Amino acid sequence: MRAAKLLEPNRPIFTGAPEPVIGADDVLIKVHSAGICGTDIHILKGEYEAHYPLIPGHEFSGEVAAVGSNVTRYRVGDRVTADPNVPCNRCYFCQRNEPNQCRNLRAIGVTGDGAFAEYVSAPEGNVFPIGDMPYASAALIEPLACVVWGLKQVEIQPGDSVVIFGAGPMGCLLVQAVKCAGAARIAVVDLEAWRLDLAASLGATETLVAGASLAKQLQTLEPYGFDVAADATGVPSVIEDMFAYAKPRGKVWVFGVAPVGARVGFVPYDVFRKDLKVIGSFAVNRTFPQSIALIQSGAVRVEPLISHHLPLEAFAEGLELAQRDPRRMKVQFDIA
Ligand SMILES: [Zn+2]
Ligand SMILES: [Zn+2]
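Using our numbering, the letters of the sequence shown map in sequence onto residues 1 to 336.
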């Protein structure tokens, strides 16, 4: 089959690969759409918990091409997506029903081959039907499922004020999700005016171009700070600054993926004095059904977030685009 591979960090190639061999409990999916995620860029650079050589790709949709002998819920031709995270169901955290913290977590497209290929395999329990949702939209179910997991941790309250750093695909999903959760004021900060316009069209109530006067502008909006400050950039210096923008008793939501090992400074006295909560949220945690419901109902719009459709042959070019094109949002490969 046609496949895109990272032989090792910073060595992307388009190549041929054997089709995945499925086990009795697995579903073979013929991939239609697969998106490049910020995590894929970390994997490209060797900044994440990936195993090489690797076919990346963990945000995808497609049709069932074959099923293992124990599979009962799917047949060939079904339109599906899959949660890429495969917990062991045996370890301490799995036994506590905290599968995203599984000690032996496998992830399709991270620790094992993923969806930047003609076919990908997933356990039946990880596969979800997508109904008549377009394949391109369905490839955004996974990132939205990450947002939903974070939202469950952060517990936005009705009327909350939220400031979101970053108006990329994740920032724009956060805007819509916190709005669904009841946020009243949703301020978004980015470097690019056109991305901020997109965020505004999706529900941001204020948009601010990052710059020297940002602190002052945010303070004018919310003199006591925001109930929630959320990062969707993964940039350590941005994460560092968020502490200053959270209101007393507020929350600092570390959602963006910073490089493994990156460090930031914060003032412990301020966290103490302001009763701050610092909240992380890692990947997906049984939140695919909610994500699918949000997209199917129209509560969250994902099609405006897709900026580029490329053939899989343009793998290396897609990775470049996803890092450097000034007009990039979600870059997807159209594979089938
Ligand atoms: Zn991702
Ligand atoms: Zn486990």
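From the three backbone atoms N, C-alpha and C, an ideal C-beta is built for every residue, glycine too. Note that the coordinates shown come from a computational prediction; the quantities given were computed from them, not determined experimentally.
Query, Result
"Please classify tyrosine 92 as buried or exposed, where buried requires at least 16 neighbouring CB atoms within 10 angstroms.", "exposed"
"So, for valine 278: in the same chain, excluding its five sequence neighbours on each side, which residues have a beta-carbon less than 6 Å away from its beta-carbon?", "Val252"
"Can you list, in chain order, the residues of its chain whose CB lies under 8 Å from that of arginine 73, leaving out five sequence neighbours each side?", "Glu124 and Val127"
"Is lysine 247 near glycine 280, with beta carbons less than 7 Å apart?", "no"
"Given 6 Å as the limit, tell me if threonine 39 has its C-beta closer than that to any heavy atom belonging to ligand 1.", "yes"
"Please go through the same chain and pick out, in chain order, the residues whose beta-carbon is closer than 7 Å to the beta-carbon of cysteine 94, but skip the five residues on each side of it.", "Pro87, Cys88 and Cys102"
"Taking the runs of the alpha helix (DSSP H) that are 4 residues or longer, which of them lie wholly in the stretch 168-216?", "169-180 and 193-201"
"Just mark glycine 298 as buried or exposed, buried being the case when its beta carbon has 16 or more other beta carbons within 10 Å.", "exposed"
"Any heavy atom of ligand 2 closer than 6 Å to the CB of asparagine 85?", "no"
"Starting from phenylalanine 272, trace the alpha helix (DSSP H) both ways and give me its first and last residue.", "268-273"
"Run through the DSSP bridge pairs and tell me what leucine 28 is partnered with.", "Ala66 and Ser121"
"Starting from the C-beta of isoleucine 22, find all residues in its chain whose C-beta is less than 6 Å away, skip the five residues before and the five after it, and write them out in chain order.", "Leu28, Gly68 and Ser121"
"For serine 281, name the three-state secondary structure that DSSP assigns.", "coil"
"With distances taken Cα to Cα, identify the nearest neighbour of aspartate 334 among His308, Arg96 and Glu317.", "His308"
"Skipping 5 residues on each side, what residues in its chain have a beta carbon closer than 8 Å to that of leucine 310?", "Glu317, Gly318, Leu321, Val331, Gln332, Phe333 and Asp334"
"Looking at the strands, I want to know which residues DSSP matches up with alanine 107.", "Asn85"
"Helix, strand or coil for glutamine 332? Go by DSSP, reduced to three states.", "strand"
"Pick helix, strand or coil for leucine 7, following the three-state DSSP scheme.", "coil"
"Roughly how many whole angstroms lie between the Cα atoms of proline 12 and proline 223?", "48 Å"
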